[in-house]
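Notes follow once the structure below has been shown.
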Amino acid sequence: MMGQNWRESVYLKNGSIIKGIVLEQTANGTIKIQTADGSLFVYPMGDVLKITKEEYNQESLTNMRTGKNKRAIFDKGYRGMVDLTLGIGVGADGDNLIGISTSHGYQFNPYIYLGGGVALNFNYPDYHIVQVPVFAHLRANFMKTSIAPYADIKMGISMSDSNGFYLAQTVGVRFNLDEKKGMRLGIGYTLQQSGEYNYYYDDAMIGSLDIKVGFEF
0 MMGQNWRESV YLKNGSIIKG IVLEQTANGT IKIQTADGSL FVYPMGDVLK
50 ITKEEYNQES LTNMRTGKNK RAIFDKGYRG MVDLTLGIGV GADGDNLIGI
100 STSHGYQFNP YIYLGGGVAL NFNYPDYHIV QVPVFAHLRA NFMKTSIAPY
150 ADIKMGISMS DSNGFYLAQT VGVRFNLDEK KGMRLGIGYT LQQSGEYNYY
200 YDDAMIGSLD IKVGFEF
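What follows is the structure in structure tokens.
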């Protein structure tokens, strides 16, 4: 068995690369390797081109051996997101909402993300207003697990007939797909200011209670 701070990369002749912990190499010429998500693969040694090793985070290595914290939240680096929103109007000037947004930024640790983005929101059915919010985005994960609660806030300027205030707040649950990718399901509230919402009310605040589905990469 290799040292505790290393993992193996098994290069197959078909071009595939399997990274994880080599559990055994048997006398009949097979190799068994366990990947980070807990999957086990067995290959004939005749299919193996080479085996190398590389440094690996000790906590992640322990998780692979014990099966704990499978698919843990991505720790650090660039992250991108796409969200779909379906909202029901609330309040005196509330209006239904269909929207799509994208955010790009930096994951400082498993818990804190900071970035910025842009959205395209359609308010319907009465006034057919199109809003284009540009926003700063802060999100917090509350646990470092494969299924984790989160909360985020987007704040900026919503552009349509005139610039106006934009605020979107969400709480929900994140589901890991692999070491970096994930899906999110949340509920939230969106508030958008419109300079000429209708004949009677200037600078109206358009509110909606939202369901959101998101993808991270």
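In numbering that gives the first Met the number 0, the protein residues as written are 0 to 216.
Beta carbons: idealized from backbone N, C-alpha and C, even for Gly.
Just so you know, these numbers come straight off a predicted model, no measurement behind them.
- prompt: Could you give the distance in angstroms between the alpha-carbon of Asp92 and the alpha-carbon of Met204?
  reply: 6 Å
task: Rank Gln106, Gly98 and Lys211 by C-alpha distance to the C-alpha of Leu184 and give the top, closest one.
output: Lys211
field: Boundaries (first-last residue) of the beta strand (DSSP E) holding Gly19
entry: Ile16 to Gln24
Straight-line gap, Gly98 to Ser207 (C-alpha atoms, nearest Å): 11 Å
task: Note down, in chain order, each residue of its chain lying with its Cβ closer than 8 Å to the Cβ of Gly86, except the 5 sequence neighbours on either side.
output: Asn95, Leu96, Ile97, Gly98, Thr189, Ser207, Leu208, Asp209 and Ile210
- request: Quick one: residues in its chain with C-beta nearer than 6 Å to the C-beta of Leu242, no 5 flanking neighbours on either side, listed in chain order?
  value: The displayed coordinates of the chain run from 0 to 216. Any statement about residue 242 would go beyond what the structure contains.
- prompt: What span of residues does the beta strand (DSSP E) with Ser157 cover, start to end?
  reply: Ile146 to Met158
- prompt: Should Glu54 go down as buried or exposed, given a rule of 16 or more other Cβ atoms within 10 Å for buried?
  reply: exposed
- prompt: If we call anything under 8 Å between Cβ atoms a contact, is Asp74 one with Ser100?
  reply: no
message: Considering only the alpha carbon of each residue, which of Gly187, Gln130, Met44 and Leu119 lies closest to Thr25?
response: Met44
Where Ala118 falls, given that 16 or more other Cβ within 10 Å makes a residue buried: buried
query: Are the beta-carbon atoms of Gln191 and Gly163 separated by less than 8 Å?
result: yes
query: So, Val129 versus Ala150, is the Cβ gap smaller than 8 Å?
result: no
field: Which listed residue (Glu7, Ile152 and Val47) has its alpha carbon closest to that of Asn13
entry: Val47
task: Return the chain-ordered list of same chain residues with a C-beta closer than 6 Å to the C-beta of Lys49, the five sequence neighbours on each side being excluded.
output: Tyr10
- request: Please report the Cβ distance between Arg173 and Asn120, rounded to the nearest whole angstrom; I am assuming they are in contact, meaning their Cβ atoms lie under 8 Å.
  value: About 23 Å; that fails the 8 Å criterion.
query: Thinking just about the alpha-carbon of each residue, which of Tyr110, His103 and Ser15 is nearest to the one in Phe134?
result: His103
- request: Return the bridge partner residues of Tyr42 from the DSSP annotation.
  value: Ile30
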